[in-house]
């Protein structure tokens, strides 16, 4: 049999019952074997546990340690916090200086590139200018060269370096040689130089095929440049070159001699061949009476005539090229460092330019920084997430500890 | 500023000595019985007292200092169990200490061991009520329960403990002698 009054029993034991209930339950205890037994057990347990409690040795507490620990912890915390703060400060300081240097560097770079951009452009322009005349020379030479190549090998293309005169023998040889000269000369006085060129051209019975005058600018100073193409009788070529060199200081000079004898003879041979063919066709023409044949022969004759004419023109061209050498001449005024220059010239313009340049540089830097910021943004978000997560974890850990 | 800090330090010490110190020995014994090891109980006690001293300013209801201290110790014990899952509840330890100090040890050893056979929740409330005879209200404060809840938990714990005691044959000898 199971008595369901154990809970009441416990209340009875613990004195949680009212007096009347208690009396009632003590009556029950006298009758209920099970409750009586449970009551005894509980009494025993209480007794035993009480004894056990007394048995346990007293606590050994180091009160001093307890009192000290708080102080120590507080100090350690303070220290920690201070250390952390100092560390953060240190890093912040350092990174600030780095950031400052970075920004400064970028700004400086932008500024300088903006400023030197102008100068570079000027230099580039100069180069282009110099090269331009050079390229033209090459173009001229090309016409000769292309025909040379068409004719075959054996072209004796001699490049005469500066100040090395082509030997007299070469000039007097019956070979067909095209001379081309290319020169860049800087002159002190542009107008005088032009006059001198006119005199030289006249004296040598040459002619100016083309002249191109340009106004260029360097370092804020305007100066004139001219590109000439002068055709010189071949006999006068060397002396004209020499004279032209004397009008100023030579910056660049190239002489070319293309031997076209082989091509020339080739063309002559072709013409002879075509003439023979023509003679034959003519005799055929007289013999035949068929109209269709006559027409065919005539067509062929026309074709031959055109071809002969072309070749003859070629020869004439060659003859001209040989007879008249070509000199490409570029002259430019010297913007001399020795010359007295006015630093205040175009001051207003310069100020404006400088201002615009720095404004441009500034906006460039700003745009660059803005783009940088946007570039960094994804990383920054990630970093921030990690930072806050770590902080959260630390906080939680701290909370747990406390 | 320094004076103020000194004052608060003094106050904290006084407060601790007045409210906490009287409870230390009892708490220690409770922890021993609860944890089953003198050393671990000592550790937990030390930690609890450090924490109690550190937060003594947050103790408002001074008449319930025992309950406040007990709550701290309880959390510390939990932490200890969490940190040392294998070391916890080494049943031999306390019993051995008991052995040394008392001649008639075997039965005591048994009840200490059997107590550790209980779930921690049950063990705790048995220790509080049947070992140290705290009132229902006091236990309610310590365990942060209502009084009626304490009654329910206690009766369940006692049922289980009695069952364990009976199964272990703790009372066999006595019964036998009674029968005779």
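Chains as they are written, first to last, in my numbering: chain A, 106 to 507; chain B, 8 to 187. Glycine included, C-beta positions come from ideal geometry on N, C-alpha and C.
Across the set B:139, B:151, B:119, the C-alpha of B:119 shows the shortest separation from the C-alpha of residue 171 (chain B).
In this structure, residue 72 (chain B) places its C-beta atom within 8 Å of the C-beta atom of residue 26 (chain B). Among the CB atoms of chain B, one or more fall inside 8 Å of the CB of residue 115 (chain A). Secondary structure of residue 369 (chain A) (DSSP, three-state): helix.
Contact check between the region 314–325 of chain A and the region 339–347 of chain A: fewer than three CB pairs, one atom from each, fall below 8 Å, which does not count as touching.
Of all C-beta pairs linking the region 383–397 of chain A to the region 307–321 of chain A, fewer than three are shorter than 8 Å, placing the two stretches out of contact. Burial of residue 427 (chain A) is indicated by the presence of at least 16 other C-beta atoms within 10 angstroms of its C-beta.
Residues of the region 54–86 of chain B with a Cβ closer than 7 Å to any Cβ of chain A, in chain order: 56, 57, 60, 61. For residue 288 (chain A), the enclosing beta strand (DSSP E) has its first and last residue at 282–292. Nearest C-alpha to residue 41 (chain B) among B:144, B:69, B:88: B:88. CA-CA distance, residue 363 (chain A) to residue 347 (chain A), rounds to 20 Å. In this chain, residue 451 (chain A) is not harboured by any alpha helix (DSSP H), its DSSP state being neither H nor E.
Of all alpha-carbon atoms in B:153, B:168, B:139, B:46, the one lying nearest the alpha-carbon of residue 159 (chain A) is that of B:139. Listed by position along chain A, the residues whose Cβ is nearer than 9 Å to that of residue 161 (chain B) are 115, 119. Annotation: the region 119–174 of chain A contains the following complete segments of the alpha helix (DSSP H) (minimum length 4 residues), in chain order: 124–136, 138–160. Look at residue 314 (chain A) here: in three-state DSSP terms it is strand.
Just measuring C-alpha positions, the residue of A:309, A:118, A:152, A:198 sitting nearest residue 429 (chain A) is A:309. At a beta-carbon threshold of 7 Å, none of the residues of chain A lie near residue 123 (chain B); the nearest stands roughly 12 Å away. Residues of chain B with a Cβ closer than 7 Å to the Cβ of residue 172 (chain A) are, in chain order, 20, 60. With its beta carbon at least 8 Å from every one in chain A, residue 90 (chain B) lies outside the interface. With three or more CB-CB distances shorter than 8 Å, the region 163–181 of chain A counts as touching the region 55–72 of chain B. Between residue 63 (chain B) and residue 19 (chain B), the CB-CB gap stays under 8 Å. A distance below 8 Å between beta-carbons, with the five flanking residues on each side excluded, links residue 486 (chain A) to no residue of its chain. Annotation for residue 356 (chain A): the continuous beta strand (DSSP E) segment containing it runs 354–364.
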